[in-house]
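If you count by my numbering, then the sequence shown holds residues 1007 to 1248, one letter each, in order. All C-beta atoms in this analysis are idealised placements derived from N, C-alpha and C, irrespective of residue type, glycine included. Keep in mind that this is a model prediction, so the values were computed, not measured. Written out below as structure tokens is the structure these notes cover.
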Amino acid sequence: MRRALGWLFGTAMMLTAGAAQAGLRAVYIDVRQSKQLQIDVHDNGDARISEAGSEDYGLLIGGDFYIVDVEGGKATVARLKDVANAIDQVLPPIFKGLFDKAAAAMPKADLKIEAGAAGEAGGRSGRIYYVRGLDSTQPDKATIYLISDDADLTPVGNALEAFMNAALVPAAPLIGAGATELIAETRTIFALGTPIDVAGRFRLNLAGKAAFPAAYFRLPTPPQSVEALVASMKASMEKKPE
1007 MRRALGWLFG
1017 TAMMLTAGAA
1027 QAGLRAVYID
1037 VRQSKQLQID
1047 VHDNGDARIS
1057 EAGSEDYGLL
1067 IGGDFYIVDV
1077 EGGKATVARL
1087 KDVANAIDQV
1097 LPPIFKGLFD
1107 KAAAAMPKAD
1117 LKIEAGAAGE
1127 AGGRSGRIYY
1137 VRGLDSTQPD
1147 KATIYLISDD
1157 ADLTPVGNAL
1167 EAFMNAALVP
1177 AAPLIGAGAT
1187 ELIAETRTIF
1197 ALGTPIDVAG
1207 RFRLNLAGKA
1217 AFPAAYFRLP
1227 TPPQSVEALV
1237 ASMKASMEKK
1247 PE
């Protein structure tokens, strides 16, 4: 699961052979690190997200996000909200059922958001938003987001938001309540639509129709139970350093 933390920003793996299913592929570029993130969306809204060169990936299925960690050719699966619930059983509660809520019902952050002009990225149009309050040391500093309200990009935004949360949840033991604060900030921004450019550093490169293998959006193995995750976390905490 630690390897999943390194996903943020990059492209996904190439598709394998199989019966094709219609959908959409969106590719984002992390300009600073010259990496790509690929999000493939089935026409039912399910999505798969990962970066180039990594065997790990995420699956958004029926509104639930799953972290798929592949090592030595063997896949391990954990549902994001189960990871959060397991952390709350091992440590003083941090998430308190946060991921049991629908996205629209999740807490939002007190950010100052100002709409600006229209813009374009990756062949998609959007509107610029100046978001203030993300940096507590510089509360008046604005981060510029270009956000699209294109309906076919909505599942892309859903997958991207869940992917970002998947990087924050395992960090909760280190940052505590800061994890839920960052999740609330993410929810506030994604409530505006799908980000297609973030301060020129992370931007949509392309988005268009694509076909995928039949098994591409299926879990490779059943997810671990909350009990198994709790046991694994406790064992890791009790393990003495060498």
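So for residue i, helix, strand or coil by DSSP?
| i | result |
| --- | --- |
| residue 1231 | coil |
| residue 1100 | coil |
| residue 1029 | strand |
| residue 1201 | strand |
| residue 1219 | strand |
| residue 1214 | strand |
| residue 1075 | strand |
| residue 1118 | strand |
| residue 1070 | strand |
| residue 1086 | helix |
| residue 1244 | helix |
| residue 1140 | coil |
| residue 1108 | coil |
| residue 1183 | coil |
| residue 1128 | coil |
| residue 1011 | In this predicted model, residue 1011 has a pLDDT of only 38, less than 50, meaning its place in the structure is not dependable; the value taken from the coordinates is given anyway. DSSP places residue 1011 in helix when its eight states are reduced to three. |
Given residue i, which residues of its chain have a CB within under 8 angstroms of its CB, disregarding the five upstream and five downstream residues?
| i | result |
| --- | --- |
| residue 1225 | 1065, 1067, 1072, 1074, 1083 |
| residue 1239 | 1092, 1093, 1096 |
| residue 1086 | 1070, 1071, 1072, 1073, 1105, 1168, 1171, 1172, 1175 |
| residue 1146 | 1138 |
| residue 985 | Any question about residue 985 goes unanswered here, given that the chain covers just 1007 to 1248. |
Hey, would you say the C-beta of residue i is under 7 angstroms away from at least one heavy atom of the ligand HEM?
| i | result |
| --- | --- |
| residue 1157 | This structure lacks the ligand HEM; in fact it carries no ligand of any kind. |
Which residues in the same chain as residue i place their Cβ atom closer than 7 angstroms to its Cβ, once the five residues preceding and following it in sequence are excluded?
| i | result |
| --- | --- |
| residue 1191 | 1115, 1117, 1140 |
| residue 1185 | 1100, 1174, 1175, 1177, 1178 |
| residue 1038 | 1207 |
| residue 1108 | none |
Residue i bridges to which residues according to DSSP?
| i | result |
| --- | --- |
| residue 1044 | 1033, 1056 |
| residue 1238 | Its beta-bridge partners do not exist; DSSP assigns none. |
| residue 1154 | 1200 |
| residue 1134 | 1152 |
| residue 1209 | 1035, 1203 |
| residue 1064 | 1055, 1073 |
| residue 1080 | 1077 |
Going by beta carbon distance, what residues of the same chain come within less than 6 angstroms of residue i, once the five residues before and after it are set aside?
| i | result |
| --- | --- |
| residue 1016 | Since pLDDT at residue 1016 reaches only 32, below the 50 mark, its modelled position is unreliable, and the value read off the structure follows with that caveat. If we look at residue 1016 and ignore the five residues flanking it on each side, its Cβ neighbours are 1041, 1042, 1043, 1057, 1058. |
| residue 1169 | 1055, 1064 |
| residue 1227 | 1081, 1083 |
| residue 1032 | 1045, 1162, 1213 |
| residue 1112 | 1193 |
| residue 1203 | 1127, 1152, 1209 |
| residue 1266 | This structure cannot settle anything about residue 1266, because the visible part of the chain is limited to 1007 through 1248. |
Check the C-beta distance from residue i over to residue j and give it rounded, since I have them as a contact under 8 angstroms.
| i | j | result |
| --- | --- | --- |
| residue 1136 | residue 1201 | Residue 1136 to residue 1201, Cβ: 13 angstroms. No contact. |
| residue 1189 | residue 1171 | 6 angstroms |
| residue 1153 | residue 1198 | 5 angstroms |
| residue 1148 | residue 1138 | 5 angstroms |
| residue 1165 | residue 1237 | Actually they do not touch by this definition, with Cβ atoms about 29 angstroms apart. |
Checklist entry - Does the region 1233-1245 come close enough to the region 1086-1095 that 3 or more CB-CB pairs lie under 8 angstroms? => result yes
Next on the checklist: Measuring CB atoms only, is the region 1042-1051 touching the region 1137-1157, in the sense that at least three cross pairs come out at less than 8 angstroms?
Outcome noted: no
Next on the checklist: Pairs of beta-carbons, one from the region 1119-1131 and one from the region 1201-1217, closer than 8 angstroms: are there three or more?
Outcome noted: yes
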